[in-house]
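Student: Structure in structure tokens, see below.
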Amino acid sequence: MLQNQDSREPEQVRKLFIGGLSYETTEDSLRAHFEKWGTLTDCVVMRDSDSKRSRGFGFVTYSSVTEVDEAMRNRPHKLDGRAVECKRAVPREDSNKPGAHLTVKKIFVGGIKEDTEEHHVRTYFERYGKIESVEIMEERSTGKKRGFCFVTFDDHDTVDKIVGMFNGPGGSYGGGYGGGCGGYTSGSGYGNQGGGYGGGGGYGDGGKYFASL
30 MLQNQDSREP EQVRKLFIGG LSYETTEDSL RAHFEKWGTL TDCVVMRDSD
80 SKRSRGFGFV TYSSVTEVDE AMRNRPHKLD GRAVECKRAV PREDSNKPGA
130 HLTVKKIFVG GIKEDTEEHH VRTYFERYGK IESVEIMEER STGKKRGFCF
180 VTFDDHDTVD KIVGMFNGPG GSYGGGYGGG CGGYTSGSGY GNQGGGYGGG
230 GGYGDGGKYF ASL
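In this text, residue positions in the sequence shown follow the working numbering: the first is 30, and each later residue adds one.
So, in structure tokens, the structure goes:
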């Protein structure tokens, strides 16, 4: 059951990043699978802004952390004939640390073109601060780019600044997934990443996706 209800627990600790989805997977089938382990307050499959085709990943948010724990205990998950990756927005061991979501140095950038290379991403984001690494995600089997990447800065203040500029009033943010209370934290992540994705902003289908914890 999908419910719009508030929880005393921060949204980012109740959120899971679901990667490796079949392009046939819809919000309905994603919801039907993950609600077996609890009540969902949100569920989305991210789609291309032009074609509306699935980007192969999505997010589910439970009403409590205990439900997230239950979903994680029941890994591996198989949905629409594919094994999918299930990652926490915030590592379990960090979920009770006050302010832990305010010091993350990594952002998720979605909606990038297939011909985008690391130097393109660096050139764009280095205006905001020193970059430690750029990781453009690819299909493991084909090497095809998946349309999103992770950028790690040397200072979490840079991430706060970027999110404020793109998601705040008057910013040039073009839609998509973002918000000032979601983000990427150290722990277990998608593919070869060292973190997990979460977020607390609104959903749209235009522009790039930014989030910060």
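Glycine is no exception: its CB is placed at the ideal position from the N, C-alpha and C atoms.
So what does Glu164 bridge to, in DSSP terms?
Tutor: Within the sequence shown, the letter at position 135 stands for residue 164. Per DSSP, Phe179.
Student: For the segment 63 to 79 against the segment 141 to 150, are there 3 or more C-beta pairs whose distance is under 8 Å?
Tutor: Cβ pair count under 8 Å is below three, so no.
Student: With a cut-off of 8 Å on the beta carbons, I'd call Glu161 and Asp186 a contact; round off their distance for me.
Tutor: Working through the sequence shown from its first residue, we reach residue 161 at position 132. Working through the sequence shown from its first residue, we reach residue 186 at position 157. Between Asp186 and Glu161 the Cβ distance is about 14 Å, and since that is not below 8 Å, they are no contact.
Student: Given a cut-off of 7 Å, decide if Ile191 and Tyr157 are closer than it, judged by their beta-carbon atoms.
Tutor: Counted from its first residue, the sequence shown places residue 157 at position 128. Counted from its first residue, the sequence shown places residue 191 at position 162. For Tyr157 and Ile191, yes; Cβs fall inside 7 Å.
Student: Could you pull the start and end residues of the alpha helix (DSSP H) that Leu59 belongs to?
Tutor: Counted from its first residue, the sequence shown places residue 59 at position 30. Note, Leu59: alpha helix (DSSP H), 56 to 63.
Student: Do you know offhand how far Ile47's Cα is from Phe86's?
Tutor: Stepping through the sequence shown from its first residue, residue 47 is reached at position 18. Stepping through the sequence shown from its first residue, residue 86 is reached at position 57. Approximately 6 Å between the Cα atoms of the pair.
Student: Can you tell me where the alpha helix (DSSP H) holding Asp109 begins and where it ends?
Tutor: Mapped onto the sequence shown, residue 109 falls at position 80. Here Asp109 belongs to no alpha helix (DSSP H), and DSSP marks it neither H nor E.
Student: How about Gly49 and Val113: do their beta carbons lie closer than 7 Å?
Tutor: Counting from one through the sequence shown, the residue named residue 49 turns up at place 20. Counting from one through the sequence shown, the residue named residue 113 turns up at place 84. Going by C-beta atoms, Gly49 is nearer than 7 Å to Val113.
Student: Can you name the start and end residues of the alpha helix (DSSP H) that Arg102 belongs to?
Tutor: Translated into the one-based positions of the sequence shown, residue 102 becomes position 73. Unbroken alpha helix (DSSP H) run through Arg102: 94 to 102.
Student: Give me whichever residues DSSP pairs with Asp186 in a beta bridge.
Tutor: Position 157 of the sequence shown, counted from the start, is the residue given in the question as residue 186. None; Asp186 has no bridge partner.
Student: Exposed or buried, which one is Pro39 when buried takes at least 16 other CB atoms within 10 Å?
Tutor: The residue given as residue 39 occupies position 10 in the sequence shown. So Pro39 counts as buried.
Student: Which residue wins for smallest C-alpha separation from Arg111, given the options Thr54, Lys174, Val188?
Tutor: Taking the sequence shown and counting its residues from 1, one reaches residue 111 at position 82. If we check each option's Cα against that of Arg111, Thr54 comes out closest.
Student: When burial is assigned at 16 or more other CB atoms within 10 Å of the CB, is Thr181 buried or exposed?
Tutor: On the sequence shown, position 152 is the one that residue 181 refers to. Buried is the call here.
Student: Smallest Cα separation from Glu164: which of Thr171, Ile136, Ser170?
Tutor: As a first step, residue 164 is located in the sequence shown; it is residue number 135 there, counting from the start. Nearest of Thr171, Ile136, Ser170 to Glu164, Cα basis: Ile136.
Student: Going by DSSP in three states, Glu143 sits in which element: helix, strand or coil?
Tutor: The residue given as residue 143 occupies position 114 in the sequence shown. Correct three-state label for Glu143: coil.
Student: Out of Gly176, Gln41, Trp66, which has the shortest C-alpha to C-alpha gap to Met101?
Tutor: Position 72 of the sequence shown, counted from the first residue, corresponds to residue 101. Checking every option, the nearest Cα to that of Met101 belongs to Trp66.
Student: Out of Gln41, Arg84, Asp109, Asn103, state which residue places its alpha-carbon closest to the alpha-carbon of Leu59.
Tutor: For the purposes of this step, residue 59 is identified with residue 30 of the sequence shown, where counting begins at 1. If we check each option's Cα against that of Leu59, Asp109 comes out closest.
Student: Among Arg175, Arg169, Lys134, Ser170, whose alpha-carbon lies nearest the alpha-carbon of Glu146?
Tutor: For the purposes of this step, residue 146 is taken as residue 117 along the sequence shown, with counting starting at 1. It is Arg175.
Student: Please report the Cβ distance between Ser93 and Arg169, rounded to the nearest whole angstrom; I am assuming they are in contact, meaning their Cβ atoms lie under 8 Å.
Tutor: Sequence index remark: in the sequence shown, residue 93 carries index 64 (1-based). Sequence index remark: in the sequence shown, residue 169 carries index 140 (1-based). With 8 Å as the limit, Ser93 and Arg169 do not qualify as a contact, their Cβ atoms being about 33 Å apart.
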